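First residue of the sequence shown: 113, per my numbering; consecutive thereafter.
Every residue gets a Cβ at the ideal spot worked out from N, C-alpha and C, and that includes glycine.
The structure presented is a predicted model; accordingly, all values stated were derived computationally and were not measured.
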Amino acid sequence: MIDFDNSDNNDLVQPEDHRLIDDALLLGQGRHSDPFAVLGHHGHGDRAIIRVFIPGARQIQLIEQGQPLRRLAQTDLFEWNGATDALPLHYRLAWVDADGGKHVDYDPYSFAPQLSLYDLHLFNEGRHLYAYRVLGAHWRQVEGIEGTLFSVWAPNAERVSVVGDFNYWEGRRHPLRRRGSVWELFLPEVCAGMRYQFEIRIQDTGELLRKSDPYGRGFERRPNVASLVVDHAVYPWRDEIWMARRRRLRPEQSPLSVYEVHLGSWQKDADGGYLSYGELARR
113 MIDFDNSDNN
123 DLVQPEDHRL
133 IDDALLLGQG
143 RHSDPFAVLG
153 HHGHGDRAII
163 RVFIPGARQI
173 QLIEQGQPLR
183 RLAQTDLFEW
193 NGATDALPLH
203 YRLAWVDADG
213 GKHVDYDPYS
223 FAPQLSLYDL
233 HLFNEGRHLY
243 AYRVLGAHWR
253 QVEGIEGTLF
263 SVWAPNAERV
273 SVVGDFNYWE
283 GRRHPLRRRG
293 SVWELFLPEV
303 CAGMRYQFEI
313 RIQDTGELLR
323 KSDPYGRGFE
333 RRPNVASLVV
343 DHAVYPWRDE
353 IWMARRRRLR
363 PEQSPLSVYE
373 VHLGSWQKDA
383 DGGYLSYGEL
393 ARR
């Protein structure tokens with residue numbers, strides 16, 4: 113870990129591009145719909161600019177360079193300016209929070225879009241048969257770095273963020289990239305077991321909503337409502353015989369039985385409480 117001094121980062125800078133003031137204001141208000149236009153790595157010839165927005169951060173440094181980022185005056189937007197060839201593709205940030213806690217993170221805004229144009233095309237046409245593989249929270253390795261890709265459909269949103277255990281549930285910390293009506297962000301080092309939700313700011317009304325993941329694969333037990341990042345390991349199915357038999361069937365000429373039951377009213381435990389799926393399966 114890089115050593116920090118005991119003061120706040122007072123190396124303030126006035127932006128040469130005054131549009132940055134507006135961007136910093138929108139980020140601070142949680143209203144910026146295009147965070148990648150401001151944050152991350154931006155090259156200008158042989159020079160590079162890195163911008164980082166961390167609400168409440170006192171100091172931020174680039175680990176590889178051992179150099180501090182300068183704070184845009186009266187904002188939580190920080191900036192570094194240096195030689196392009198001195199930067200790795202995905203750099204790490206060491207930063208101090210408002211309580212003096214020290215952190216090291218990869219910058220998620222250094223990563224390219226992850227969802228393919230083909231997937232987005234099929235989804236927007238309503239023809240994606242495997243949308244659950246695209247939307248939600250999915251482990252992946254991007255250029256050697258493991259993390260979780262978060263994505264959600266929110267066509268009427270001004271801004272969408274992912275909030276959770278990894279960012280103190282701060283909605284301004286990780287706004288997602290807009291890809292039409294789908295929003296996405298790859299967060300390095302977010303792993304199984306972490307809780308999360310999507311925070312959505314509605315375009316027309318400014319209403320702020322917290323939503324569980326409609327494509328989530330894990331959830332807290334009631335009364336809590338957060339989604340859970342789950343292990344990416346493939347479930348060990350043991351249905352080879354059935355799958356082999358199914359391949360020989362012609363579905364359009366085979367009988368079909370559909371069963372529907374409301375589990376909560378079908379069976380309860382001895383005290384009248386609700387049973388989990390696993391408990392019901394064993395009955």
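Fill in: C-alpha distance - Ala224 paired with Val337, whole-angstrom precision
31 Å
Worksheet item: Would you call Glu270 buried or exposed, if buried means 16 or more other Cβ atoms sit within 10 Å of its Cβ?
Response: buried
Fill in: Beta-carbon contacts of Asn122 that lie in its chain and below 7 Å, excluding the five residues immediately before and after
Residue confidence is low: Asn122 scores 48 on pLDDT, short of 50, so the model does not pin down where it sits. Its coordinate-derived value is still stated next. There are no such residues.
Worksheet item: What is the rounded straight-line gap between the Cα of Ser228 and the Cα of Arg291?
Response: 10 Å
Worksheet item: Going straight from the alpha carbon of Leu361 to that of Leu321, what length do you get?
Response: 46 Å
Fill in: Cα-Cα separation, Asp282 to Glu352
Looking at the sequence shown, residue 282 is not Asp but Glu. Glu282 and Glu352: Cα-Cα distance of roughly 45 Å.
Worksheet item: Do the CB positions of Leu199 and Tyr327 come within less than 8 Å of each other?
Response: no
Fill in: Pair within 8 Å by beta-carbon distance, Asp188 and Phe165
yes
Worksheet item: How long is the line joining the alpha carbons of Gln379 and Leu392, rounded to whole angstroms?
Response: 8 Å
Practice prompt. Give the straight-line distance between the Cα atoms of Ser222 and Leu387, rounded to the nearest whole angstrom.
Written response: 44 Å
Worksheet item: In the DSSP assignment, what are the bridge partners of Gly259?
Response: Arg252, Pro300
Practice prompt. Give me the Cα-Cα distance between Leu181 and Asn193, rounded to the nearest whole angstrom.
Written response: 8 Å
Worksheet entry | Cβ-Cβ separation, Val342 to Ala304 (assumed contact under 8 Å), whole Å | 6 Å
Item to complete: Answer with buried or exposed for Val272, where buried requires no fewer than 16 other C-beta atoms within 10 angstroms of its C-beta.
Response: buried
Discussion item. Distance check for Ala210 and Gly330, CA to CA, integer angstroms please.
Written reply: 32 Å
Discussion item. Tell me the residue span of the alpha helix (DSSP H) that contains Arg358.
Written reply: 352-360
Discussion item. Alpha carbons only, please: which of Glu255, Asp231, Ala356 is nearest the one belonging to Leu201?
Written reply: Glu255
Item to complete: Specify the secondary structure class of Phe235 as computed by DSSP and reduced to three states.
Response: helix
Discussion item. Suppose the cutoff is 8 Å on Cβ atoms and the five residues either side in sequence are ignored; what does the same chain contact list for Ala293 look like?
Written reply: The sequence shown places Ser at residue 293, rather than the Ala named in the question. Hits under 8 Å: Asn236, Trp265, Ala266, Pro267.
Practice prompt. Give me the Cβ distance between Glu296 and Leu261, rounded to the nearest whole Å; I'm assuming they're in contact under 8 Å.
Written response: 7 Å
Worksheet item: Can Pro300 and Pro220 be called in contact, C-beta distance under 8 Å?
Response: yes
Item to complete: State the Cα-Cα distance for the pair Tyr389 and Leu132, rounded to the nearest angstrom.
Response: 51 Å
Practice prompt. Would you mind sorting Leu241 into buried or exposed? The rule is 16 or more other CB atoms within 10 Å of its CB.
Written response: exposed
Worksheet item: Can you give the Cα-Cα distance for Val208 and Val216, rounded to whole angstroms?
Response: 9 Å
Worksheet item: Would you report the Cα separation of Asp197 and Asp158, rounded to the nearest angstrom?
Response: 7 Å
Worksheet item: Taking Cβ positions, are Gly259 and Met306 nearer each other than 8 Å?
Response: no
Item to complete: Compute the Euclidean distance between the alpha carbons of Gly142 and Pro287, then round it to the nearest angstrom.
Response: 8 Å
Worksheet item: Do you know offhand how far His130's Cα is from Gly155's?
Response: 18 Å
Worksheet item: What span of residues does the beta strand (DSSP E) with Glu332 cover, start to end?
Response: That residue, Glu332, is in no beta strand (DSSP E); it is neither H nor E in DSSP.
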